[in-house]
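Data first, discussion second: the structure below is written as C-alpha cells.
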Amino acid sequence: MVSSAVTDVPAPFARALGTLRDAARNLRVQVKEVPAPRAARFSVALEGTLPDPDDDAHELADGTFVVLFDPPTVGDADGSFKVIVLVRAELDAEMSVDPVLSEVAWAWLTESLTRFTGPVDALGGSVTRTITTSHGAVSSRPGTVELELRASWAPQTPDLSGHLEAWAHVMRSCAGLPDVPEGVAVLPGRS
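Every letter in the sequence shown is one number past the one before it in the UniProt record's numbering, and letter 99, counting from 1, is 99.
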C-alpha cells in the first residue's frame, strides 16, 4: 500500500506518502493502491472498499482517494497538494427519499474533515443520488438507489493521515455504519 518504489520524489510528497501508509493500517476500510492519474508531476491513488460485515461477498461502499502534488516553487515551502475523493454507497429505501440527503452527505464530509484534519482550502464537490429501476427482460431485478459524493480540497500540510481517515469515515457514514472506535462491538437492537 502506497508504494515507495518511486525514487527522486520531493521531501513533502515523500512525507505525505509515509503518513498515508501509516494511516491506511487502521481505517476499517480495505485499501489498495491503484494507478494514479497523471494530472500532476507526482500523484498517488488509493481504492477503498467497505465490506458488509454480514456478507463478505457484498460491499456497503467503495471509493477512491487521490493525491496530486506539484513541487514547491519560490516562496512555497511544501508545494501544492490537492486531494480528490469519491465515495459511493447503496442506500436503503427510507434514506433514499430524504429531501435533505445531499446536504446531510456533504455535512458528513465537512464534519469529518473538521474532526480529522482541521481547516482545508478550496473545498468543493457534489453529491449525486442515482435511482435505478429495471425494465423488460431484467424487470425482476430490485431497484437500487446509490449515493455518490465527489469532492476535492487543498490540504494545508503534507500530513495526509487525517484526510485519509476523514474519507474512510465518510464512507462508513454513507454506508450507514455507526461511528464506534476500533475493537468496540455494536449490540443488536431489541425487537
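Just so it is clear, CB atoms sit at the ideal spot from N, CA and C, and this is done for glycine as well.
Here the structure is a predicted model, which means the values were calculated and not measured.
Practice task
Compute the beta-carbon to beta-carbon distance between A40 and L50, rounded to the nearest angstrom, for a pair I have assumed lies under 8 Å.
Solution key: Residue numbering aside, residue 40 sits at position 40 when the sequence shown is read from its first letter. Residue numbering aside, residue 50 sits at position 50 when the sequence shown is read from its first letter. Going by Cβ atoms, the distance from A40 to L50 rounds to 27 Å, so no, they are not a contact pair.
Practice task
Provide the residue span of the beta strand (DSSP E) that contains S173, from first to last.
Solution key: Against the sequence shown, residue 173 aligns to sequence position 173. It is not in any beta strand (DSSP E) - S173 instead sits in the alpha helix (DSSP H) that spans 161–174.
Handout entry: Contacts around I84, its chain only, beta-carbon distance under 6 Å, and the 5 residues preceding and following it disregarded
Key = Translated into the one-based positions of the sequence shown, residue 84 becomes position 84. Within the same chain, I84 has close Cβ partners V66, S152.
Problem - Given D159 as reference, the closest of H58, A23, D8 once Cα atoms are compared - result: On the sequence shown, residue 159 is found 159 positions in, with the first residue counted as 1. Taking only the C-alpha atoms, the option nearest D159 is A23.
Handout entry: heavy atom of the ligand ZN below 7 Å from R38 C-beta
Key = As presented, the structure is devoid of all ligands, the ligand ZN included, so that no description of it is given.
Handout entry: Assigned exposure category for A166 - 16 Cβ within 10 Å defines buried
Key = Counted from its first residue, the sequence shown places residue 166 at position 166. So A166 counts as buried.
Handout entry: Coarse secondary structure for A39, derived from DSSP in three states
Key = The residue you call residue 39 lines up with position 39 of the sequence shown. DSSP places A39 in coil when its eight states are reduced to three.
Exercise for the section: Jot down the residue ranges of each uninterrupted beta strand (DSSP E) in the stretch 15–70, minimum 3 residues, whole runs only, in chain order. Expected result: Segments of the beta strand (DSSP E) lying fully in the stretch 15–70: 30–34, 42–52, 55–70.
Problem - Assigned secondary structure, S112 (DSSP; H/G/I helix, E/B strand, else coil) - result: Reading the sequence shown from its first residue, position 112 is the one you call residue 112. DSSP places S112 within a helical segment (H, G or I) once states are collapsed to three.
Practice task
Quick one: grab the DSSP three-state call for A85.
Solution key: Counting from one through the sequence shown, the residue named residue 85 turns up at place 85. Correcting the residue identity first, residue 85 is Val in this sequence and not Ala. Residue state, collapsed to three classes: strand.
Problem - Chain-order list of residues whose beta-carbon lies under 6 Å from that of I131 (same chain, five-residue window excluded) - result: The residue you call residue 131 lines up with position 131 of the sequence shown. Excluding sequence neighbours, I131 sits near V145.
Problem - A16, buried or exposed, once every other Cβ within 10 Å from all chains shown has been counted against 16 - result: Numbered from its first residue, the sequence shown carries residue 16 at position 16. With 16 or more neighbouring CB atoms inside 10 Å of its own CB, A16 falls in the buried class.
Practice task
Buried or exposed for R190, please, with buried defined as at least 16 other CB atoms from any protein chain shown within 10 angstroms of its CB.
Solution key: On the sequence shown, position 190 is the one that residue 190 refers to. Summary for R190: the model assigns pLDDT 44, below 50, so the residue's position carries little reliability, and this model does not support an answer.
Exercise for the section: Count the other CB atoms, across all protein chains shown, that sit within 10 Å of the CB of G176; report buried if there are 16 or more and exposed otherwise. Expected result: Numbered from 1 along the sequence shown, position 176 holds the residue referred to as residue 176. G176 is exposed by the Cβ-count criterion.
Handout entry: Whole-number beta carbon distance between T19 and E47, since they are thought to touch under 8 Å
Key = As a working mapping, residue 47 is identified with position 47 in the sequence shown. As a working mapping, residue 19 is identified with position 19 in the sequence shown. Between T19 and E47 the Cβ distance is about 18 Å, and since that is not below 8 Å, they are no contact.
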